[in-house]
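Residue numbering for the sequence shown is 11 to 396, as defined by the working numbering. Virtual Cβ for every residue (Gly too), placed ideally from N, Cα, C. Just below is one structure, and these are the notes that go with it.
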Amino acid sequence: MIYLTLCLTHDCNLRCGYCYAGRKRAVSMSRKTAFRSIDFGLQQACREGKALGKMPEIQIGFFGGEPLLEWTLLQECREYAEAESSRAGINLKWTLTTNMTLLTEERVVWLMEKGFHLGLSMDGNAAMHGVWRNYPDGRSSHAECVAALEWFKGREHRAELICVVNPANVKHLEESVRWMGGACGLDIMLNPDFGAKWTPEALAALSAAYEKVGEEVVRRYRAGNPLTLNVIQSKIGAYVKGGYQTCDMCSLGEREIAVAVSGNIYPCARLVGNDDLENLCMGNVLTGVDREKKLKLAAARGNRNPKCLDCSLRARCLQWCGCVNYVTSGRTDWVGEFTCFHEKLSIRVADRVAETLWEERNPWFIREFYSGVSSGDGNTAAECED
Numbered sequence: 011m012i013y014l015t016l017c018l019t020h021d022c023n024l025r026c027g028y029c030y031a032g033r034k035r036a037v038s039m040s041r042k043t044a045f046r047s048i049d050f051g052l053q054q055a056c057r058e059g060k061a062l063g064k065m066p067e068i069q070i071g072f073f074g075g076e077p078l079l080e081w082t083l084l085q086e087c088r089e090y091a092e093a094e095s096s097r098a099g100i101n102l103k104w105t106l107t108t109n110m111t112l113l114t115e116e117r118v119v120w121l122m123e124k125g126f127h128l129g130l131s132m133d134g135n136a137a138m139h140g141v142w143r144n145y146p147d148g149r150s151s152h153a154e155c156v157a158a159l160e161w162f163k164g165r166e167h168r169a170e171l172i173c174v175v176n177p178a179n180v181k182h183l184e185e186s187v188r189w190m191g192g193a194c195g196l197d198i199m200l201n202p203d204f205g206a207k208w209t210p211e212a213l214a215a216l217s218a219a220y221e222k223v224g225e226e227v228v229r230r231y232r233a234g235n236p237l238t239l240n241v242i243q244s245k246i247g248a249y250v251k252g253g254y255q256t257c258d259m260c261s262l263g264e265r266e267i268a269v270a271v272s273g274n275i276y277p278c279a280r281l282v283g284n285d286d287l288e289n290l291c292m293g294n295v296l297t298g299v300d301r302e303k304k305l306k307l308a309a310a311r312g313n314r315n316p317k318c319l320d321c322s323l324r325a326r327c328l329q330w331c332g333c334v335n336y337v338t339s340g341r342t343d344w345v346g347e348f349t350c351f352h353e354k355l356s357i358r359v360a361d362r363v364a365e366t367l368w369e370e371r372n373p374w375f376i377r378e379f380y381s382g383v384s385s386g387d388g389n390t391a392a393e394c395e396d
């Protein structure tokens with residue numbers, strides 16, 4: 011599958027202090043550039059489908075800035091891509107990442123009807139959210155986010171919460187996870203701020219918070235109401251599968267395509283930023299791809315840090331993520347120190363959660379991760395009941 015992200019605007023109505031999407035300015039993608047970007051993505055999907063001998067697939071996502079500032083353009087892109095993909099026989103999926111403040115019930119209904127999966131940026135409870143996710147005048151956007159959650163009741167499988175963990179807000183993480191778990195049934199993505207300066211004190215706070223979060227996950231499984239957290243379930247899932255599979259990993263510069271407002275092509279949405287990194291720009295949808303740069307970026311995928319070669323956790327570590335590597339080390343093929351710390355911490359906490367729930371033969375846990383596998387009491391996981 012091809013993953014195409016359109017960064018519709020550099021503008022945003024919030025001023026989140028940790029934002030990696032670059033300087034906020036009132037510059038948006040033209041209709042011509044947007045449609046040409048879609049054409050480019052569909053062409054890539056057709057080539058991949060032909061090479062693999064299967065139906066072409068593409069996932070088109072909208073990003074910013076805040077993409078809902080360009081609501082009309084977003085709708086036009088959806089209509090254009092639907093028509094073009096149908097004509098070319100391409101399977102199409104949709105995503106949107108938003109700060110939630112510009113959502114309305116009418117917009118949510120439209121997005122759901124059109125098949126979107128939403129990433130909802132919300133940093134937990136009022137205390138944690140208010141550290142960074144504020145309007146230009148300093149006012150917190152938390153109330154608007156809480157109000158928007160109401161429109162996703164009954165649609166929980168169509169959205170997820172994205173909670174950025176930063177040295178300045180990590181002290182609120184434990185309470186925030188508990189609050190989010192009670193406020194909605196959405197999956198929660200804890201995204202550490204890889205670009206932040208994590209002091210020893212902040213790392214200690216992160217470790218303590220993750221341990222408490224792990225305890226909360228166990229408590230929720232015991233109550234028969236599991237809480238899905240990426241830093242827990244993804245690591246357990248990777249263990250069950252014997253490590254991350256090729257299909258789980260990003261393909262920087264190949265299947266991953268991000269287009270800036272200008273039409274410049276980048277290997278990942280996280281790397282668009284101010285749209286001024288010439289070493290990461292692979293061309294422009296209006297003028298063509300720089301194949302030499304594209305091949306060079308593709309060749310620089312993976313991880314060449316020698317410290318990782320013999321690590322027993324390598325198969326379950328995000329050491330393959332090119333954009334995270336670039337943010338933490340300045341190289342797409344070199345894992346930074348914070349990534350190493352975070353991955354070891356996540357795996358340790360996830361393993362503790364898994365060991366506890368397996369020993370208790372928790373039916374919800376076994377059903378989720380070991381369906382059809384013996385639970386140790388003569389039953390298969392699928393047969394386990396409360």
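Exposure of Val223, with buried meaning 16 or more beta-carbon neighbours within 10 Å: buried
Separation of Leu171 from Pro210, as counted between CA atoms: 28 Å
Expected contact under 8 Å - CB spacing of Pro77 and Leu14 to nearest Å: Contact doesn't hold; Cβ gap of about 14 Å is too wide.
DSSP three-state assignment for Gly164, whether helix, strand or coil: coil
For Ile198 and Ala391, the rounded distance between their alpha carbons: Low confidence applies here, because Ala391 scores a pLDDT of 35, under 50, leaving its location unreliable and the question unanswered by this model.
Contacting residues, own chain, Cβ-Cβ under 6 Å from Ser356 (five flanking each side not counted): Val241 and Lys245
Endpoints, alpha helix (DSSP H) assigned at Met138: Per DSSP, Met138 is one residue of the alpha helix (DSSP H) stretching across Ala136 to Trp142.
Alpha-carbon spacing of Thr338 relative to Thr238, whole angstroms: 27 Å
Contiguous alpha helix (DSSP H) assignments of at least 4 residues, all confined to the segment 175–199: Every alpha helix (DSSP H) of 4 residues or more that sits fully in the segment 175–199 is shown, in chain order, as 183–193.
Identity of the residue in Asn289, Lys306 and Val271 nearest Arg33 by Cα: Val271
Minimum length 3: unbroken beta strand (DSSP E) runs contained in the segment 55–126: 67–73 and 101–108
Which residues DSSP lists as bridging Cys173, in chain order: Cys173 is bridged to Leu200.
Rounded straight-line distance, which links the Cα of Ala214 to that of Phe126: 38 Å
Distance between Cys257 and Gly273 (C-alpha atoms, nearest Å): 27 Å
Whole-angstrom C-beta distance between Ser131 and Thr108, which should lie under 8 Å: 7 Å
Asp133 beta carbon less than 7 Å from that of Cys173: yes
6 Å CB neighbourhood of Leu216 in its chain, flanking five on each side removed: Val180
With 16 other Cβ atoms within 10 Å as the buried cut-off, status of Leu24: buried
Residue range of the unbroken alpha helix (DSSP H) whose run includes Glu266: No alpha helix (DSSP H) contains Glu266, which is instead part of the beta strand (DSSP E) from Glu266 to Val269.
Exposure label - Ala31; buried when at least 16 CB within 10 Å: buried
Same chain only: Cβ atoms within 6 Å of Cys26, ignoring 5 sequence neighbours per side: Trp142 and Arg143
Element boundaries [beta strand (DSSP E), containing Cys327]: Looking at the DSSP string, Cys327 is not in any beta strand (DSSP E), and its letter there is neither H nor E.
Length of the line joining the Cα atoms of Glu347 and Asn284: 25 Å
Euclidean distance between Cα positions of Gly312 and Ser40: 34 Å
Residues near Ala212 in its chain [Cβ-Cβ closer than 7 Å; skip 5 each side]: Cβ neighbours of Ala212 beyond the five flanking positions: Pro177 and Val180.
Terminal residues of the beta strand (DSSP E) in which Cys14 lies: In the sequence on display, residue 14 carries Leu and not Cys. Looking at the DSSP string, the run of the beta strand (DSSP E) that includes Leu14 is Ile12 to Cys17.
Range covered by the alpha helix (DSSP H) that runs through Leu213: Pro210 to Arg232
Contacting residues, own chain, Cβ-Cβ under 7 Å from Glu395 (five flanking each side not counted): Confidence at Glu395 is low in this model, with a pLDDT of 37, below 50, so the placement of that residue should be treated as unreliable; the coordinate-derived value is given next. Closer than 7 Å at Cβ, skipping near neighbours: Pro373.
For Leu183 and Glu166, the rounded distance between their alpha carbons: Distance between the alpha carbons of Glu166 and Leu183: 22 Å.
Top-ranked residue by Cα proximity to Gln255, from Ala219, Cys327 and Glu92: Cys327
For Gly247, the three-state DSSP class (helix, strand or coil): helix
Three CB pairs or more closer than 8 Å across the segment 297–308 and the segment 259–271: yes
Best match in Ser38, Asp21, Val334 and Ala310 for proximity to Leu83 [C-alpha to C-alpha]: Ser38
Phe73 versus Ala279: straight-line alpha-carbon distance, rounded: 8 Å
Ser428 (DSSP reduced to helix, strand or coil): Residue 428 is absent from the model: the chain starts at 11 and stops at 396.
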